[in-house]
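Engineer: First the structure, which I've put down as structure tokens, then a few questions once you've had a look.
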Amino acid sequence: MAEEVLNNNRIKFAYFLPTWRFETGSKTVLRANAKAILTSEYQNEMKGEIFCPECCVELFISPSDGKKDANGRPAYFAHSRKRRLPCGLRVKKREGLNFVDEEEAKQAIDDGLLVVVKEFMKERPVAPKLPGQEYNGPVVEDIDGELAEIPIPRHNGGKVNVPSQITTVRGLSRNFDKNYHKYYFLPGAQYAQLLSDALTDVSKADGVNEVPKLYYGKITDSYAMGEGRPWNVQMTKVEYNSANGYKDFYLKMSVQDSVEHGIDKTAVGRVLLMYGPIVESGIGLAITDLGWGEFALLPAKYDGVLYPDETIEYESTLEQMLADMTGLTLEELEQWMESESQEITDDGLVVGHVVNFRSETPAAVMNRVVGRTGEYTANVGVIDLDDE
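The sequence shown begins at 5 in the working numbering and counts up by one.
Next up, the structure:
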């Protein structure tokens, strides 16, 4: 237990599924149907009903009420003492996911434990054209790729062919609670990593790196060069604290691509995810010219996962917050959500339900709406029910 206490922050999300039992339940069913919860979302009635997202062993929370302990340390999830199965979340950092042949690799994919990413989308996905009707489905974030050849861990030269995906960083971030503890074979990788281990703080970047990696950082500024036309460069500055001599770090994309991803002045304080190589840029470093699916904002609800010292507890649900701001009861709001049609942009993208907020709505509230939903313009908040 001493080792697990030392590494007690490894399990950021627990899987909550009432009536599921380790002895008799299917792990695939658990991963597909459980609700992923943060320590801040834990409630006493969940006791005995939360499980590890990797090994599926029962978890407990300490302190038992899910609050901070007497010394002010935050609550954490830990494995039950009655089982001791191998698990990458029991150790500080694990070197990939082990499998010995093609069958085991495919089983890990079927179980929802492993994802093989052939590539991230380079071009913006196009909504399907349906004869005589308007497309009302979700934005495409994942496409089945061809069979991909991946190395067998600890086998000299051994490789297997398994199903792959073409996906987006936004797809990873929108389902961050379920993806954070999955193993990923990123493009060109030699072994699968937990997404939690693959994510790298830009402040740890000490120079040029031609090998693409998955980076994250907090936006401190974002502005357009030139006249701010769609093809001009949008300079998005990311918090960067390093003693390596470089002074700053930027994401450089077109204004159009940045705005389509919700990145402008209103995104200051948000967490940005980027997949790409790092180049020198003036007195600093930068990631530039990414594909459409290679960068995204992280929903604000999950900021505390990557920045635990700055965690803001989300004690009320999105629906409760919206009810408070619109003057509706929860029941009225729920009925409205169920009756309203999803909004569709002119280019066919589904953005969910739209709520107009008063112009005096506090920025802290609007930022939280943005975090749960993706983007807003002026005083309009977009509710994406799939992010609940």
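Every residue, glycine too, gets a C-beta built ideally from N, C-alpha and C.
Check each candidate in F189, V95, K269 and G297 and name the one with the smallest Cα separation from L199.
Structural biologist: F189
Engineer: Relative to the alpha-carbon of E58, which residue among Q197, S262, T204 and L151 has its alpha-carbon at the smallest distance?
Structural biologist: Q197
Engineer: Please name the residue or residues paired with P78 in a DSSP beta bridge.
Structural biologist: Looking at the DSSP assignment, P78 forms no beta bridge with any residue, so it has no partner.
Engineer: Tell me whether F103 sits in a helix, a strand or coil according to DSSP, three-state version.
Structural biologist: coil
Engineer: Using the beta-carbon count (16 or more within 10 Å), is T43 buried or exposed?
Structural biologist: buried
Engineer: With a cut-off of 8 Å on the beta carbons, I'd call V242 and I267 a contact; round off their distance for me.
Structural biologist: Not quite, the Cβ-Cβ distance comes to about 11 Å (not below 8 Å), so this is no contact.
Engineer: Can the beta-carbon of T28 be found closer than 7 Å to that of D115?
Structural biologist: no
Engineer: Would you identify the three-state DSSP class for K305, choosing helix, strand or coil?
Structural biologist: helix
Engineer: Anyone know if the C-beta pair for D181 and A79 falls short of 7 Å?
Structural biologist: no
Engineer: Give me the residue from Y250, R77 and R25 with the minimum Cα distance to N13.
Structural biologist: R77
Engineer: Whole alpha helix (DSSP H) runs in the segment 141-201 with 4 or more residues, listed along the chain?
Structural biologist: 173-178 and 180-183
Engineer: Between which two residues does the beta strand (DSSP E) carrying L89 extend?
Structural biologist: L89 -> no beta strand (DSSP E), and no H or E assigned at all.
Engineer: With distances taken between CB atoms, is the gap from K163 to P155 smaller than 7 Å?
Structural biologist: yes
Engineer: Helix, strand or coil, according to DSSP, for Q260 in the structure here?
Structural biologist: In this structure, Q260 counts as helix in the three-state DSSP scheme.
Engineer: Let me know the secondary structure DSSP gives S68 once reduced to three states.
Structural biologist: coil
Engineer: Is Y227 buried or exposed, if buried means 16 or more other CB atoms sit within 10 Å of its CB?
Structural biologist: exposed
Engineer: Do you know offhand how far D205's Cα is from G192's?
Structural biologist: 20 Å
Engineer: So if DSSP puts F17 in a beta bridge, which residue, or which two residues, is it bridged to?
Structural biologist: Looking at the DSSP assignment, F17 forms no beta bridge with any residue, so it has no partner.
Engineer: Identify, in the order they occur along the chain, each residue of the same chain with its Cβ nearer than 7 Å to the Cβ of A271, setting aside the five sequence neighbours on each side.
Structural biologist: I223, S226 and L301
Engineer: Take K72 and list the residues in its own chain whose beta-carbon comes closer than 8 Å to its own, dropping the five residues that flank it on each side.
Structural biologist: P78 and A79
Engineer: Which of helix, strand or coil does DSSP assign to N245?
Structural biologist: coil
Engineer: Residues in the same chain with beta-carbon distance under 6 Å from S177, minus the five sequence neighbours each way, listed in chain order, please.
Structural biologist: L277, A300 and L302
Engineer: Got a sec? Which residues, its chain only, sit under 6 Å from N165 by beta carbon, not counting five neighbours each side?
Structural biologist: L151 and E153
Engineer: Any idea what DSSP makes of N236, helix, strand or coil?
Structural biologist: coil
Engineer: Could you pull out every residue in the same chain whose Cβ sits closer than 8 Å to the Cβ of D105, ignoring the five residues on either side in sequence?
Structural biologist: I156 and V164
Engineer: Have a look at Y279 and P216 and give me their C-alpha separation to the nearest angstrom.
Structural biologist: Between Y279 and P216, the C-alpha separation is close to 6 Å.
Engineer: Just to confirm before moving on: does the CB-CB distance between L203 and Y220 stay below 7 Å?
Structural biologist: yes
Engineer: Nearest to D210 by CA position, among T172, L93 and G249, is which residue?
Structural biologist: G249
Engineer: Measure the C-alpha to C-alpha separation of Y184 and I54 and round it to an integer number of angstroms.
Structural biologist: 17 Å
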